[in-house]
Amino acid sequence: MSAKRQFRIWRGDETGGDLQDYMVEVNEGEVVLDVIHRLQATDAPDLACRWNCKAGKCGSCSMEINGKPRLGCMTRMSTFGDDETVTVTPLRTFPVIRDLVTDVSFNYEKARETPAFAPPADVAPGDYRMQQVDVERSQEFRKCIECFLCQTVCHVIRDHEENKQAFSGPRYFIRAAELDMHPLDARTDRKEYAQAEQGLGFCNITKCCTEVCPEHIKITDNGIIPMKERVVDRRYDPLVWLGSKIFRRGETPQTSVTTARQGSATPGSARGGVHSHAGGSHDSRAEAQAQSGVNWHREVPHPTAPAVDDRGKLPLTELTFDRAAAPSPFGDDVTFPLPPEHLNFAHPEQDNKH
Amino acid sequence: MTTTTRIERHHYDVVVIGAGGAGLRAAIEARLAGKKTAIISKSLFGKAHTVMAEGGAAAAMGNVNSRDNWQVHFRDTMRGGKFLNNFRMAELHAKESPQRIWELETYGALFDRTKDGKISQRNFGGHEYPRLAHVGDRTGLELIRTLQQKIVSLQQEDQREFGSYDARIRVFSETTITELLLDGDRVAGAFGYYRESGEFILFEAPAVVLATGGVGRSYKVTSNSWEYTGDGHALALRAGATLINMEFLQFHPTGMVWPPSVKGILVTESVRGDGGVLKNSDGKRFMFDYVPDVFRKQYAETEEEADRWYTDPDNNRRPPELLPRDEVARAINSEVKAGRGSPAGGVFLDIASRRSADEIRRRLPSMYHQFKELADVDITAEPMEVGPTCHYVMGGVEVDPDSGAAFGHVRGLFAAGEVSGGMHGSNRLGGNSLSDLLVFAKRAGGHAASYADGLAARPKVAVHEVEAAVETALAPLQRDTGENPYTLQQDLQAVMGDLVGIIRREGELADALVRLAELRERVAKVSAAGGRRYNPGWHLALDLRNMLVVSECTAKAALERQESRGGHTREDYPAMEPKWRQVNLVCALDGDTVQLTRKPLPKMRPELIGLFDRAELAKYLTDEELADFDALVADAGEADNR
Numbered sequence: 127m128s129a130k131r132q133f134r135i136w137r138g139d140e141t142g143g144d145l146q147d148y149m150v151e152v153n154e155g156e157v158v159l160d161v162i163h164r165l166q167a168t169d170a171p172d173l174a175c176r177w178n179c180k181a182g183k184c185g186s187c188s189m190e191i192n193g194k195p196r197l198g199c200m201t202r203m204s205t206f207g208d209d210e211t212v213t214v215t216p217l218r219t220f221p222v223i224r225d226l227v228t229d230v231s232f233n234y235e236k237a238r239e240t241p242a243f244a245p246p247a248d249v250a251p252g253d254y255r256m257q258q259v260d261v262e263r264s265q266e267f268r269k270c271i272e273c274f275l276c277q278t279v280c281h282v283i284r285d286h287e288e289n290k291q292a293f294s295g296p297r298y299f300i301r302a303a304e305l306d307m308h309p310l311d312a313r314t315d316r317k318e319y320a321q322a323e324q325g326l327g328f329c330n331i332t333k334c335c336t337e338v339c340p341e342h343i344k345i346t347d348n349g350i351i352p353m354k355e356r357v358v359d360r361r362y363d364p365l366v367w368l369g370s371k372i373f374r375r376g377e378t379p380q381t382s383v384t385t386a387r388q389g390s391a392t393p394g395s396a397r398g399g400v401h402s403h404a405g406g407s408h409d410s411r412a413e414a415q416a417q418s419g420v421n422w423h424r425e426v427p428h429p430t431a432p433a434v435d436d437r438g439k440l441p442l443t444e445l446t447f448d449r450a451a452a453p454s455p456f457g458d459d460v461t462f463p464l465p466p467e468h469l470n471f472a473h474p475e476q477d478n479k480h
Numbered sequence: 008m009t010t011t012t013r014i015e016r017h018h019y020d021v022v023v024i025g026a027g028g029a030g031l032r033a034a035i036e037a038r039l040a041g042k043k044t045a046i047i048s049k050s051l052f053g054k055a056h057t058v059m060a061e062g063g064a065a066a067a068m069g070n071v072n073s074r075d076n077w078q079v080h081f082r083d084t085m086r087g088g089k090f091l092n093n094f095r096m097a098e099l100h101a102k103e104s105p106q107r108i109w110e111l112e113t114y115g116a117l118f119d120r121t122k123d124g125k126i127s128q129r130n131f132g133g134h135e136y137p138r139l140a141h142v143g144d145r146t147g148l149e150l151i152r153t154l155q156q157k158i159v160s161l162q163q164e165d166q167r168e169f170g171s172y173d174a175r176i177r178v179f180s181e182t183t184i185t186e187l188l189l190d191g192d193r194v195a196g197a198f199g200y201y202r203e204s205g206e207f208i209l210f211e212a213p214a215v216v217l218a219t220g221g222v223g224r225s226y227k228v229t230s231n232s233w234e235y236t237g238d239g240h241a242l243a244l245r246a247g248a249t250l251i252n253m254e255f256l257q258f259h260p261t262g263m264v265w266p267p268s269v270k271g272i273l274v275t276e277s278v279r280g281d282g283g284v285l286k287n288s289d290g291k292r293f294m295f296d297y298v299p300d301v302f303r304k305q306y307a308e309t310e311e312e313a314d315r316w317y318t319d320p321d322n323n324r325r326p327p328e329l330l331p332r333d334e335v336a337r338a339i340n341s342e343v344k345a346g347r348g349s350p351a352g353g354v355f356l357d358i359a360s361r362r363s364a365d366e367i368r369r370r371l372p373s374m375y376h377q378f379k380e381l382a383d384v385d386i387t388a389e390p391m392e393v394g395p396t397c398h399y400v401m402g403g404v405e406v407d408p409d410s411g412a413a414f415g416h417v418r419g420l421f422a423a424g425e426v427s428g429g430m431h432g433s434n435r436l437g438g439n440s441l442s443d444l445l446v447f448a449k450r451a452g453g454h455a456a457s458y459a460d461g462l463a464a465r466p467k468v469a470v471h472e473v474e475a476a477v478e479t480a481l482a483p484l485q486r487d488t489g490e491n492p493y494t495l496q497q498d499l500q501a502v503m504g505d506l507v508g509i510i511r512r513e514g515e516l517a518d519a520l521v522r523l524a525e526l527r528e529r530v531a532k533v534s535a536a537g538g539r540r541y542n543p544g545w546h547l548a549l550d551l552r553n554m555l556v557v558s559e560c561t562a563k564a565a566l567e568r569q570e571s572r573g574g575h576t577r578e579d580y581p582a583m584e585p586k587w588r589q590v591n592l593v594c595a596l597d598g599d600t601v602q603l604t605r606k607p608l609p610k611m612r613p614e615l616i617g618l619f620d621r622a623e624l625a626k627y628l629t630d631e632e633l634a635d636f637d638a639l640v641a642d643a644g645e646a647d648n649r
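Those protein sequence lines, which keep their order, are chains A and B. Using this note's numbering, you'd call the opening residue of the first sequence number 127 and step up by one each time. Using this note's numbering, you'd call the opening residue of the second sequence number 8 and step up by one each time.
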């Protein structure tokens, strides 16, 4: 069963280009990449497109299909309506080289800046011992096929070239998380590094990266939030903060706060409200995890509802977002310093009173 | 010539062509030896075909069964390759694999664990003990990522020491090498182009390591990616090196042939084991017509008996769908050639009409999900279209087992991984490819470094050779009279798939050689539309000549070897011949033509052949070799008695 279908594909290079229309044969069971291959073999032999394994394992054929970042080999034609036009464009966040091929070197630069695995000094090769349950957390992040869909969808850099220098993106947050959770990694400052050097603070957990991940890695819930949370615990936990003020102990890890770099990423809209434990995620499960992981005997204030659309999801792009730029990583309902009435201070004797 | 003369020049000590597992491991070794190293990758850094390896990496660590050791692994490997393996490579591989795997852990790899926290190992076909270190079903990805990140960590060291990440190891991604340049019989450099810009690039380097993978793209149905065009094989041939065992290709009898989105992807044998049957276009369950006499006693004669076997295997004989791999492939091949194939040129594998949807989903979850997600094929509702799919090439560059240095009349050329030959003999065991590439890439990288050290003077690149390379590379763009490269590729794939496929016959192989000769003339005149900037048509046009010469090697060697062994099945010579076990077929290039010579296999050392039973050896060795073996055993017995 084959039919002619309408495709609109962006053709051009860094000097410009436009969408071109093609009528192309589509057979039952094909994916978008098959159709692009047919175009190459017929109408457009020089149509540039990356691909490798064609089985969803290498992460080469990343493109934006009808505006959504997808892998061409994992997007079945049967998911579109029979007379729906399929529009294919290059990844928007990266500079175009030609047609559907973009310059993704940004990602490789960020990879080079992320400190590598630090092997334990006193363990010989062959003597590494780890429990399955301990490696599984990092293994989830090592499933990453580096398709960079999470990078292209992330609104911190999607339309903000100026943020690229200070922001590594979800791919490298989970790289840091992976190393942080590696049972034998000898470095202990992965979280602080992510906060200070990778721009973790820019992320306001809209979960777009999780949504586009073809490997279904829970980038936000399992990677970014736990990292943020512990950085927050150390840097912003009111107990620690008060303690250091009162007793003047500068023992808490001092990471340089990159406020200067945060620029437009933190508008700090003040709507009042309460502090969220899970780094402003508004995710009740994350809240619960935050609570069970760090038992500070706090009473959890009821979190404010997230700014979701009618599908119950956060807006994917800033075009449809109601604010000019990314909200605060700690929730738009929080301003610093925290007003005293919002401090969730647990008195040492609090438990005894209950 | 317009805007063509600009050529970027680089000087390196070692250039590694290929950035899969083998390429990255070789580059790490060369860099650790202090050499300035370049890695050339046809794709982006970290996208190699190695990611497709699912099963694991075989290494006799003995974590799961402590009786496992290198001798057992060596034995399994030789058996798997039907004793055609280079014994020294199989020995080194078995001995060194565990260290190579452990080393990956120091680079940050996270393998699945045993209860006591060691690397877990899984069973796999042909391995006597659980031996494959694995990470779920994505071991290849873990390997690539680990090596990629190790390279990054070396670059970070260089950044601290020299202020530049690229000071001693640099990755040239999306770059294709089209020629190796020689100074006399020594490698002097490599010439190629950036895929992104189409600009040319020249590497001046005394040592080159080939790690370019396989040749599967010459076949219509393949599990290989576009990169597998036999570049390394062809570069080696043109530089004066030799290829061995090119007739041995690993095919799987049931790969999907339709829909196109999953063409080539393997359908596991357990689909047949769980009740799937093969049918032709008439709806006939044809395997009953293809039970050879030797298997007659073990296999059912009626559908009723076969169907009873699934629930009562003790009192019934097996269904003929479970015949050995090559028998199933032969049957599929015959049905298709008799015109009873499916529309896409395979046959139907039907489990949908035989098992309930729930049961299929429960017993074959990953098959179900894979086809659902990639192709929207519901295997619980409709039959699959399957046929033989090309998977791996055992043959490759003939190398010195210890150093990976290419034989033939070229110096400074090394090879490792799928592009090298000999290690796997006539058939590769699952899991041996990942450990193979680690073991021999480390060796090749190290020996390339010491070769570069030992040179008194650097070989020089001749200007006219570079000019010739530029001209060859630009030719397809400057012609507008030739054929479309995609058409030529399809024709080449048709010839190889139909005539030099899984089951081979003398007449068809001879026919294939005639057609390849015709194709050679058409490929010489290929033209590519468009410009130099990221032009896949042009890239394919340049790859075609590599695919063609490698295909010629395969066809010639397949015609010459008059026996069936491992990945080479001749319908007209169905038996394994001990005399042919003593022979390697070696391909070399004389001008433009492939020359085939016979070369005796190296003789296994006494302590290694002593690891086998006489009864087993009798299946493979000639009478004279067996007599030698008996004498050896007798000597050893006497020595013990003294």
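C-beta atoms are modelled at their ideal positions from N, C-alpha and C, and glycine is treated no differently.
In the DSSP assignment, the alpha helix (DSSP H) including residue i goes from what residue to what residue?
{"i": "Thr213 (chain A)", "result": "Not the alpha helix (DSSP H): Thr213 (chain A) falls in the beta strand (DSSP E), residues 212-215."}
{"i": "Lys606 (chain B)", "result": "Segment 600-607 is the beta strand (DSSP E) holding Lys606 (chain B); no alpha helix (DSSP H) there."}
{"i": "Phe81 (chain B)", "result": "77-87"}
{"i": "Ser442 (chain B)", "result": "439-461"}
{"i": "Asn340 (chain B)", "result": "332-344"}
{"i": "Asn397 (chain B)", "result": "With the sequence shown as reference, residue 397 (chain B) is identified as Cys, and Asn is not the correct amino acid for it. That residue, Cys397 (chain B), is in no alpha helix (DSSP H); its beta strand (DSSP E) goes 391-400."}
{"i": "Val158 (chain A)", "result": "158-167"}
{"i": "Leu506 (chain B)", "result": "492-506"}
Between residue i and chain B, is there a C-beta pair that is closer than 7 Å?
{"i": "Gly252 (chain A)", "result": "yes"}
{"i": "Trp422 (chain A)", "result": "Low per-residue confidence applies at Trp422 (chain A): pLDDT is 46, beneath 50, and the placement is therefore not dependable enough to give any value."}
{"i": "Gln146 (chain A)", "result": "no"}
{"i": "Pro117 (chain A)", "result": "What is shown of chain A runs 127 to 480, which leaves residue 117 (chain A) out entirely."}
{"i": "Asn233 (chain A)", "result": "no"}
{"i": "Arg313 (chain A)", "result": "no"}
If I follow the unbroken beta strand (DSSP E) through residue i, where does it start and stop?
{"i": "Gln569 (chain B)", "result": "Unbroken run through Gln569 (chain B): none, as it is neither H nor E."}
{"i": "Gly143 (chain A)", "result": "142-153"}
{"i": "Leu592 (chain B)", "result": "590-597"}
Straight-line CA distance for residue i to residue j?
{"i": "Lys321 (chain A)", "j": "Ile350 (chain A)", "result": "It should be noted that the sequence gives Gln, not Lys, for residue 321 (chain A). Each residue's Cα considered, the two are about 10 Å apart."}
{"i": "Asn233 (chain A)", "j": "Gly88 (chain B)", "result": "42 Å"}
{"i": "Arg303 (chain B)", "j": "Glu312 (chain B)", "result": "14 Å"}
{"i": "Lys130 (chain A)", "j": "Ala167 (chain A)", "result": "16 Å"}
{"i": "Gln166 (chain B)", "j": "Ala37 (chain B)", "result": "18 Å"}
{"i": "Glu288 (chain A)", "j": "Val282 (chain A)", "result": "9 Å"}
{"i": "Arg134 (chain A)", "j": "Lys354 (chain A)", "result": "41 Å"}
{"i": "Trp587 (chain B)", "j": "Asp238 (chain B)", "result": "29 Å"}
Does any C-beta atom of chain A lie closer than 7 Å to the C-beta of residue i?
{"i": "Arg539 (chain B)", "result": "no"}
{"i": "Phe383 (chain B)", "result": "Here residue 383 (chain B) is Asp; the residue named in the question, Phe, does not match the sequence. Yes - at least one Cβ of chain A is within 7 Å of the one on Asp383 (chain B)."}
{"i": "Met59 (chain B)", "result": "yes"}
{"i": "Pro267 (chain B)", "result": "yes"}
{"i": "Ser232 (chain B)", "result": "yes"}
Identify, in the order they occur along the chain, each residue of the same chain with its Cβ nearer than 7 Å to the Cβ of residue i, setting aside the five sequence neighbours on each side.
{"i": "Pro299 (chain B)", "result": "Glu334"}
Would you call the region 170-181 of chain B and the region 426-439 of chain B in contact, with 3 or more CB pairs under 8 Å?
-> no
Three or more C-beta pairs below 8 Å linking the region 68-75 of chain B and the region 475-483 of chain B = no
Indicate whether the contact test is met: 3 or more Cβ pairs, each with one atom in the region 269-284 of chain A and one in the region 171-190 of chain A, closer than 8 Å.
-> yes
Is the region 277-287 of chain B touching the region 614-624 of chain B in the sense that three or more CB pairs, one from each, lie closer than 8 Å?
-> no
Would you check if the region 469-478 of chain B and the region 50-66 of chain B touch, i.e. whether three or more CB-CB distances between them fall below 8 Å?
-> no
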